């Protein structure tokens, strides 16, 4: 029978089950304790934890403006599932978050909540098995460091300026652990270069968080924007740390690298495509850096193009890729690992577009910096929710090693639920097929006991 009419449900006890899961994660990661400690001495009508739980509940649905809370005024499900006494107004939400962001060190404290969430939910890193020159196998966890552009055109926000790709906005820097977990993030003015002041401190801070989360060695992977001999020397002194950083050729002639490749190559391959023919040289040379003359390996891949479109070239075209590393691995392994760093671009894209974090809500830089790091925590909460979706094949999802943030928000977080109260208990009734209910209930009780 076809639907012939539609009516509004007068009750306000229906909503999304994901809010209840996010509420438990806010407790598990220590966010409640942190913001209550940073709050004012007197007890306000709306506690600090209620302000932040409201923001977290909005962010997990891709709603990243303070005004988005207006649609939840009088919503019993939203308030109950997030543990709120009442839903704050948009004005109170903005003012209270701005006060705590400007007057406390909230921005510096928030990354520790992500570390606590990782530990208490039993998350596991994506390990890389590598073979040393002496055939000894080692396990590493990669830590991708990269800058992403946040376009905030047509605004007058503090810190927003022209970026390196001629857009207007911010240039935040991120550190992603293998598998997509966001270890650290920091908002920076749009005019900031990859290696601007504070970059070394950010990398060392991110390394500290990563080492506290995993037992394996940590492999820092970064592009040529982070090429600095002082930075390489600093990373060489860190325990349990390796690095693969692309060398910035600057004004070095590629013909010089071709001569070096012909002399030191460990592997030479002929290649032929539909358009080009030539040779590829792979190998490494040792270079001394810093005042202590530390020996660091430079891995190279030099491509010599001898013909194009069937026409032999009198002067070959030379392409060069050079990597700095302190690892004793062959060129093929290092080059393969470096080229996988493109995956981190996908993490940036999910954070910017699927969570709608690109256009930050405040005009004050410090407030936006704290908002970005709170968004980082919510992103990691969604990563926790995605773990069971990877192994649950009965849900109709395609086989994958990880689930996109959009998949988690669209499927698991948006499942319909209803709240009832009976015998001093608040019960969440989930409306979904049995396989989905098992995933939701397993995660809920796992968080309850964390």
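Residue numbers (the numbering used here): 576 to 1025. All residues carry an ideal CB built from backbone N, CA and C; glycine is no exception. The structure displayed is predicted, hence computed values, not measured ones.
{"query": "Nearest neighbour of residue 664, chosen from 648, 654 and 653 [CA to CA]", "result": "648"}
{"query": "Residues near residue 969 in its chain [Cβ-Cβ closer than 7 angstroms; skip 5 each side]", "result": "Here residue 969 scores only 49 on pLDDT, less than 50, and its place in the model is too uncertain to base an answer on."}
{"query": "Whole-number beta carbon distance between residue 930 and residue 637, since they are thought to touch under 8 angstroms", "result": "6 angstroms"}
{"query": "Coarse secondary structure for residue 969, derived from DSSP in three states", "result": "At residue 969 the pLDDT is 49, less than 50, meaning the model places this residue with poor confidence and gives no usable figure here."}
{"query": "Local Cβ density within 10 Å of residue 714, reported as buried at 16 or more and exposed below that", "result": "exposed"}
{"query": "Same chain, Cβ closer than 8 angstroms to residue 837, neighbours up to 5 away in sequence not counted", "result": "856"}
{"query": "Any 3 or more C-beta pairs closer than 8 angstroms across the stretch 873–887 and the stretch 917–936", "result": "no"}
{"query": "Segment contact, 8 angstroms Cβ cut-off, at least three pairs: the stretch 693–710 with the stretch 725–739", "result": "no"}
{"query": "Neighbour-count burial assignment, residue 1006, 16 or more Cβ in a 10 Å radius", "result": "exposed"}
{"query": "Cβ pair residue 657, residue 629 closer than 8 angstroms", "result": "yes"}
{"query": "Residue 898, DSSP secondary structure in three states", "result": "strand"}
{"query": "As assigned by DSSP and simplified to three states, the class of residue 924", "result": "helix"}
{"query": "Where the alpha helix (DSSP H) through residue 730 begins and ends", "result": "Residue 730 -> no alpha helix (DSSP H), and no H or E assigned at all."}
{"query": "Straight-line Cα distance separating residue 581 from residue 754", "result": "44 angstroms"}
{"query": "Through-space distance from residue 662 to residue 620, alpha-carbon basis", "result": "11 angstroms"}
{"query": "Spatial neighbours of residue 668 in its chain, beta-carbon cut-off 8 angstroms, leaving aside the 5 residues before and after", "result": "626, 629, 630, 641 and 644"}
{"query": "Pair within 8 angstroms by beta-carbon distance, residue 994 and residue 591", "result": "no"}
{"query": "Residue 764 - partner residues in DSSP beta bridges", "result": "745"}
{"query": "Residues that DSSP places opposite residue 911 in a beta bridge", "result": "In DSSP, residue 911 forms no bridge with anything."}
{"query": "Residue environment, residue 901, which counts as buried when at least 16 other CB atoms sit within 10 Å", "result": "buried"}
{"query": "Residue 611 vs residue 945 beta-carbon contact at 8 angstroms", "result": "no"}
{"query": "N-terminal and C-terminal residue of the beta strand (DSSP E) that residue 1030 is part of", "result": "Nothing in the structure corresponds to residue 1030, since the chain is present only between 576 and 1025."}
{"query": "Local conformation of residue 643 per DSSP, three classes", "result": "helix"}
{"query": "Buried or exposed (CB count within 10 angstroms, at least 16 for buried), residue 848", "result": "exposed"}
{"query": "Proximity below 8 angstroms, CB of residue 941 to CB of residue 676", "result": "yes"}
{"query": "Opposing strand residues paired with residue 811 [DSSP bridges]", "result": "In the DSSP output, where bridge partners are listed per residue, residue 811 has none listed."}
{"query": "Selection from 951, 953, 716 and 986 that minimises the alpha carbon distance to residue 963", "result": "986"}
{"query": "Coarse secondary structure for residue 823, derived from DSSP in three states", "result": "coil"}
{"query": "Beta carbon of residue 909 nearer than 8 angstroms to that of residue 819", "result": "yes"}
{"query": "Rounded C-alpha distance that separates residue 863 from residue 918", "result": "31 angstroms"}
{"query": "Expected contact under 8 angstroms - CB spacing of residue 719 and residue 751 to nearest Å", "result": "5 angstroms"}
{"query": "Spatially closest choice to residue 756 from 943, 652, 686 and 813, by CA coordinates", "result": "686"}
{"query": "Helix, strand or coil at residue 671 [DSSP, three-state]", "result": "helix"}
{"query": "Spatial distance of residue 811 from residue 650 (CA atoms)", "result": "54 angstroms"}
{"query": "Nearest to residue 894 (by Cα), restricted to the options 916, 854 and 678", "result": "854"}
{"query": "Outcome for residue 802 when other beta-carbon atoms lying within 10 angstroms are tallied against a minimum of 16", "result": "buried"}
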